[in-house]
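*Asks:* Line by line, the protein sequences give chains A and B.
Residues in the first sequence are numbered from 1 upward in steps of one, following our numbering.
Residues in the second sequence are numbered from 1 upward in steps of one, following our numbering.
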Amino acid sequence: MSGSETPAKRDGTARPSSWPAIASIGVATVYLIALLGAEKQSVIISLLVAGIAAVLAGGWFGIFGGVSRAFSEHEDRMGLLAIVALLAMAAWFHEDHFVLLLVVTVLLTTVATLGLNIQFGYAGVLNFAGASFFGIGAYTSAVLNTTAVPHLLVPLIGGALAALIGSVLLLPVLRTRGHYAALITIAFALLFKTFLEVNDVLGGPQGMPVKGMTLFGWSLNDNVEIGGITLSFYMSYFVLSLALLAVAFVLVRRLERSWIGLNLDALRLDETAAACFGLDITRWKITAFLIGNILIGIAGALFGTVGGFVGPNNYTFADSLILVSILLLGGIGNPWGLIVATFIVIVVPEKLQTIQEYRFLLYAVMVICVLLFRPEGLLPRPVRRYFPGWRP
Amino acid sequence: MNAGLFAQYVMNGLMLGMMYALVAVGFTLFFGVLDVIKFSHGDVLTVGAFTALATYVGLTSAGLNSNWLALVIILAVAVMAMAALGMLIARYLVMPLRSAPALNTLLITLMLGTVLRECVRLFYPQGANPKPFPALLPRSSIDLGAFNLRLDNVLMLSAGVLTIVGLQFLLNRTRLGLAIRAVAQDEETARTMGINFTAIVLITFAIGSGLAAFAGVMNGLYYNEINFGIGLYLGVVGFAAAIIGGLGSVYGAVLGGFLFAGLQTVGTVLMPFASAYKDVFAFAVVIAIMAWRPTGLIREKISERV
Numbered sequence: 001m002s003g004s005e006t007p008a009k010r011d012g013t014a015r016p017s018s019w020p021a022i023a024s025i026g027v028a029t030v031y032l033i034a035l036l037g038a039e040k041q042s043v044i045i046s047l048l049v050a051g052i053a054a055v056l057a058g059g060w061f062g063i064f065g066g067v068s069r070a071f072s073e074h075e076d077r078m079g080l081l082a083i084v085a086l087l088a089m090a091a092w093f094h095e096d097h098f099v100l101l102l103v104v105t106v107l108l109t110t111v112a113t114l115g116l117n118i119q120f121g122y123a124g125v126l127n128f129a130g131a132s133f134f135g136i137g138a139y140t141s142a143v144l145n146t147t148a149v150p151h152l153l154v155p156l157i158g159g160a161l162a163a164l165i166g167s168v169l170l171l172p173v174l175r176t177r178g179h180y181a182a183l184i185t186i187a188f189a190l191l192f193k194t195f196l197e198v199n200d201v202l203g204g205p206q207g208m209p210v211k212g213m214t215l216f217g218w219s220l221n222d223n224v225e226i227g228g229i230t231l232s233f234y235m236s237y238f239v240l241s242l243a244l245l246a247v248a249f250v251l252v253r254r255l256e257r258s259w260i261g262l263n264l265d266a267l268r269l270d271e272t273a274a275a276c277f278g279l280d281i282t283r284w285k286i287t288a289f290l291i292g293n294i295l296i297g298i299a300g301a302l303f304g305t306v307g308g309f310v311g312p313n314n315y316t317f318a319d320s321l322i323l324v325s326i327l328l329l330g331g332i333g334n335p336w337g338l339i340v341a342t343f344i345v346i347v348v349p350e351k352l353q354t355i356q357e358y359r360f361l362l363y364a365v366m367v368i369c370v371l372l373f374r375p376e377g378l379l380p381r382p383v384r385r386y387f388p389g390w391r392p
Numbered sequence: 001m002n003a004g005l006f007a008q009y010v011m012n013g014l015m016l017g018m019m020y021a022l023v024a025v026g027f028t029l030f031f032g033v034l035d036v037i038k039f040s041h042g043d044v045l046t047v048g049a050f051t052a053l054a055t056y057v058g059l060t061s062a063g064l065n066s067n068w069l070a071l072v073i074i075l076a077v078a079v080m081a082m083a084a085l086g087m088l089i090a091r092y093l094v095m096p097l098r099s100a101p102a103l104n105t106l107l108i109t110l111m112l113g114t115v116l117r118e119c120v121r122l123f124y125p126q127g128a129n130p131k132p133f134p135a136l137l138p139r140s141s142i143d144l145g146a147f148n149l150r151l152d153n154v155l156m157l158s159a160g161v162l163t164i165v166g167l168q169f170l171l172n173r174t175r176l177g178l179a180i181r182a183v184a185q186d187e188e189t190a191r192t193m194g195i196n197f198t199a200i201v202l203i204t205f206a207i208g209s210g211l212a213a214f215a216g217v218m219n220g221l222y223y224n225e226i227n228f229g230i231g232l233y234l235g236v237v238g239f240a241a242a243i244i245g246g247l248g249s250v251y252g253a254v255l256g257g258f259l260f261a262g263l264q265t266v267g268t269v270l271m272p273f274a275s276a277y278k279d280v281f282a283f284a285v286v287i288a289i290m291a292w293r294p295t296g297l298i299r300e301k302i303s304e305r306v
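(1) Can you confirm whether A100/B, when its beta carbon is compared against all beta carbons of chain A, has any partner nearer than 9 Å?
(2) Which of the residues in the segment 177-211 of chain B, read from start to end, lie with their CB under 9 Å from any CB of chain A?
(3) Against chain B, does Y180/A count as a neighbour if the rule is that its beta carbon must be under 9 Å from one of theirs?
(4) Going by alpha carbons, who is nearest to Y234/A out of T305/A, L191/A, P172/A?
(5) At which residues does the beta strand (DSSP E) containing D43/B begin and terminate?
(6) With a threshold of 9 Å between beta carbons, is Y277/B in contact with chain A?
(7) Could you list which residues in chain A have their beta carbon closer than 8 Å to that of L122/B, in chain order?
(8) Applying the 10 Å Cβ sphere with the 16-neighbour rule, what's the burial state of A88/A?
(9) Answer with yes or no whether the minimum CB distance from I281/A to chain B is below 9 Å.
(10) Which residues of the segment 171-199 of chain A have a Cβ closer than 7 Å to any Cβ of chain B? Give them in chain order.
(11) Does any C-beta atom of chain A lie closer than 9 Å to the C-beta of P96/B?
(12) Is it the case that the segment 130-142 of chain A contacts the segment 320-327 of chain A, given that we only count it when at least three CB pairs across the two stretches are under 8 Å?
(13) First and last residue of the beta strand (DSSP E) that includes N263/A?
(14) In terms of residue numbering, what span does the alpha helix (DSSP H) encompassing T295/B cover?
(15) For P209/A, write down the residues that DSSP places opposite it in a beta bridge.
(16) Does DSSP classify Y20/B as helix, strand or coil?
(17) Spell out whether any CB of chain B is found under 9 Å from the CB atom of I344/A.
(18) Give the residues of chain B in contact with P205/A, contact being defined as C-beta atoms less than 9 Å apart.
(19) On a Cα-Cα basis, can you pick out the residue from L151/B, I37/B, G229/B, F258/B that is closest to A318/A?
(20) Quick check: what's the CA-CA separation for G13/B versus N153/B?
(21) Who are the near neighbours of A21/B in its chain, counting only those whose CB is closer than 6 Å to its CB and skipping five residues on each side?
(22) Just reading off the beta strand (DSSP E) that D143/B is part of, what are its end residues?
(23) How would you call E398/A, buried or exposed, if buried means at least 16 neighbouring beta carbons within 10 angstroms?
(24) Name the DSSP beta bridge partners of E225/B, please?
(25) Quick check: the Cα distance between V347/A and M366/A, rounded to an integer number of angstroms?
(26) Tell me which residue opens and which closes the beta strand (DSSP E) that N148/B is part of.
(27) Which residue's Cα is closest to the Cα of K40/A: L362/A, K351/A, I368/A?
(28) Compare the C-alpha of A162/A against each of P205/A, S18/A, F289/A, G308/A and name the closest.
(29) Taking the alpha carbon of M11/B as the reference point, which residue from I180/B, V33/B, L157/B, I243/B has its own alpha carbon closest?
(30) List, in order along the chain, the chain B residues whose C-beta lies closer than 8 Å to that of A364/A?
(31) Contact check, G42/B vs G238/B under 8 Å by CB: the rounded distance?
(32) Applying a beta-carbon distance threshold of less than 8 Å, which residues of chain A neighbour A322/B?
(33) Give a yes or no on whether the minimum CB-CB distance between I226/B and chain A is below 9 Å.
(34) Let me see if you follow: with CB-CB separation under 9 Å, is V286/B close to chain A or not?
(35) Output the boundary residues of the alpha helix (DSSP H) element that contains I355/A.
(36) List the DSSP bridge partners of T198/B.
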């Protein structure tokens with residue numbers, strides 16, 4: 001569009017500046033570094049209280065309107081900036097195994113919720129077995145990392161397997177609607193966990209260890225030394241996860257913008273009307289379900305490798321509900337909101353040990369409150385925009 | 001297989017079926033009056049069973065020795081407490097969301113189920129572990145050749161049958177039942193006929209939740225053990241049973257419950273080597289049956305109004 005008039009100029013209004021978004025990313029990065037680095041519970045609690053107060057104050061003074069406008073106007077630039085911010089955060093904690101593992105968990109969970117977002121948020125296909133498909137990916141890595149399969153292929157195989165096993169559910173899910181389809185995925189989540197517990201091949205209730213990744217003869221489970229600075233071995237996994245998240249994010253964004261996303265939206269909003277306009281409902285539901293599961297499975301496989309251990313208790317129905325909670329808190333269909341919500345949902349219980357045990361309860365209550373008082377989520381999905389400066 | 005073992009399997013199947021049926025009836029009742037699925041139904045059952053257990057612990061520490069009296073009291077407390085809980089859920093979580101998308105009701109009841117389950121796990125003393133449930137019914141049994149007919153099973157089965165027959169009587173022969181059926185058929189017409197819609201919905205939720213508490217106590221008495229996850233399991237199977245029987249019909253739900261129990265029993269008989277996989281099998285049956293008959297055994301006529 002360079003050289004020609006932008007639609008915004010035609011309106012006579014200037015394109016919003018990107019400074020509010022840049023500033024908010026900067027503030028968020030500093031805040032997260034402080035929060036992740038804090039050790040004392042009292043410091044963590046005061047930081048969290050300060051964060052909540054700042055968000056409430058920001059909402060009161062109406063700052064967030066400007067920030068979200070700036071985000072949607074300069075999305076590509078903000079994406080790059082967010083990557084830089086995450087890299088800066090990782091560089092700050094380059095020796096700290098625990099913090100890096102936490103950040104990697106957040107990144108991979110975000111990838112999984114992005115997959116869930118395609119199913120739930122765009123196509124309206126219910127999936128309450130997200131953690132099970134995540135687990136399928138993780139168990140794939142546990143089994144395949146000890147074999148001669150190239151380790152970079154393992155996550156892809158994990159994704160493919162999650163999609164394949166998920167397609168067993170496709171027939172019942174497609175034949176039913178709404179609550180009935182939900183029942184099928186819930187039954188699958190329970191089945192999966194029980195199966196993992198009673199089988200003998202996959203380690204039973206004890207689970208099994210996962211071998212670290214080796215890329216081109218270089219083991220990712222070794223610390224890296226560059227010029228006298230030791231980097232935690234999680235740094236390599238961090239870079240890998242960040243790359244995966246970037247790809248998944250761009251993919252989901254493009255998908256949403258494309259006519260596929262438009263079809264999925266139509267499907268979710270009114271199946272009958274969509275069918276009347278000639279959309280093949282079955283085809284698009286299958287597409288959304290499979291793409292979503294592939295993303296979840298890839299993230300799961302990488303997560304299994306990073307964690308070094310898989311067990312049935314990490315992939316329960318309650319964990320699936322946590323994924324759904326992230327989706328609802330972030331605002332269904334809004335990928336940026338998902339990143340924020342995942343950070344909150346994963347990091348807060350890890351840092352605040354007192355609520356670790358209560359996290360399922362806490363997030364269930366939070367989702368109930370959100371549904372009662374703010375059903376569109378904390379960061380609602382913005383109206384689809386086709387070019388910068390366009391207003392409906 | 002000898003006759004004794006066969007009779008034992010039949011008895012197990014009947015007990016299982018009765019519990020499934022009682023849960024399924026709740027789903028059917030809620031769907032009838034409000035057209036909603038309350039996913040927290042199974043967890044209400046869990047809370048009911050734990051309420052009964054807590055009451056029993058309280059009674060024994062107060063020095064009550066009679067098993068019969070204890071049973072009557074814990075049953076009454078559990079049923080009444082769950083009826084009240086069901087009304088609260090209906091009033092403050094389900095009814096406010098009537099105009100919202102169906103997905104929201106689904107999510108809110110699902111999350112409420114998690115809240116109830118987690119509350120039991122976290123706040124009941126050692127709630128994360130399975131708890132022993134007292135055997136309050138007489139343990140004597142009648143010897144029928146190769147088969148021991150246990151008296152407590154007979155008592156529980158007859159209590160279940162009486163409850164379902166009583167419910168059917170209530171729905172078909174009383175003014176209250178007439179009102180419930182009227183609301184289920186057409187809310188607006190029922191309102192114009194002077195029926196208090198809110199009251200009827202609340203009463204229906206109370207009845208359904210009370211039945212769940214009854215099923216929870218029955219589950220505890222039968223297995224002599226309860227844990228915080230039973231509700232989730234019974235809820236999923238009960239919901240599937242209600243769908244198979246055709247949502248909205250009480251006898252359909254009962255039929256669906258016994259059908260599931262029958263399939264499960266046949267599964268354990270035919271595959272004794274895979275007894276560890278019996279829950280896996282049960283959930284697989286749920287998925288398979290839903291794929292086969294998504295709208296119940298008697299096919300629902302689907303018409304879309306545009």
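All residues carry an ideal CB built from backbone N, CA and C; glycine is no exception.
As the structure is a prediction and not an experimental result, all values here were calculated from the model.
*Replies:* To lay it out plainly:
(1) Between A100/B and chain A, the shortest Cβ-Cβ separation is below 9 Å.
(2) Residues of the segment 177-211 of chain B that bring their beta carbon within less than 9 Å of a beta carbon in chain A are absent altogether.
(3) For Y180/A, the nearest CB of chain B lies under 9 Å from its own CB, placing it at the interface with that chain.
(4) Per the Cα distances, T305/A.
(5) D43/B -> not in any beta strand (DSSP E); alpha helix (DSSP H) instead, spanning 41-61.
(6) Y277/B counts as touching chain A.
(7) Correct list: E357, Y358, L361.
(8) It counts as exposed.
(9) The Cβ of I281/A sits no closer than 9 Å to any Cβ of chain B.
(10) Identification of residues in the segment 171-199 of chain A having a C-beta nearer than 7 Å to some C-beta of chain B yields L171, P172, R175, T176, G178, H179, Y180, A182, L183, I184, I186, A187, F188, L190, L191, T194, F195, V198, given in sequence order.
(11) At a cut-off of 9 Å between beta carbons, P96/B contacts chain A.
(12) Contact holds: three or more Cβ-Cβ distances are below 8 Å.
(13) Per DSSP, N263/A is not a residue of any beta strand (DSSP E); the alpha helix (DSSP H) it occupies stretches across 259-269.
(14) Secondary structure note for T295/B: it is in no alpha helix (DSSP H), with a DSSP letter that is neither H nor E.
(15) Beta-bridge pairing by DSSP links P209/A to F309/A.
(16) Three-state DSSP puts Y20/B in a helix.
(17) For I344/A, the answer is no, since every Cβ of chain B falls outside 9 Å of its Cβ.
(18) The contacting residues do not exist; P205/A stays about 11 Å from chain B at best.
(19) Of the candidates L151/B, I37/B, G229/B, F258/B, the one whose C-alpha sits nearest the C-alpha of A318/A is G229/B.
(20) When the Cα atoms are used, G13/B and N153/B turn out to be separated by approximately 11 Å.
(21) Counting only Cβ-Cβ distances below 6 Å, and skipping sequence neighbours, we find V254, G257.
(22) For D143/B, the enclosing beta strand (DSSP E) starts and ends at 141-144.
(23) An answer regarding residue 398/A cannot be provided, because it is not within the stretch 1 to 392 covered by chain A.
(24) Beta bridge pairing from DSSP links E225/B with P132/B.
(25) Spanning the two alpha carbons is a distance of roughly 16 Å.
(26) 147-150 is the extent of the beta strand (DSSP E) around N148/B.
(27) Closest by alpha carbon: K351/A.
(28) Selected option, being the one with the closest Cα: F289/A.
(29) Considering only I180/B, V33/B, L157/B, I243/B, the residue with the shortest C-alpha distance to M11/B is L157/B.
(30) What A364/A touches in chain B: M111, L112, T114, V115, E118.
(31) Right, their Cβ atoms sit about 7 Å apart.
(32) Outside the displayed span of chain B (1 to 306) sits residue 322/B, for which this structure offers no information.
(33) Using a Cβ-Cβ cut-off of 9 Å, I226/B does not count as an interface residue toward chain A, since no Cβ of chain A sits closer than that to its own.
(34) With 9 Å as the cut-off, V286/B counts as an interface residue toward chain A.
(35) I355/A -> alpha helix (DSSP H) spans 353-356.
(36) According to DSSP, which records beta bridges pairwise, T198/B is partnered with nothing at all.
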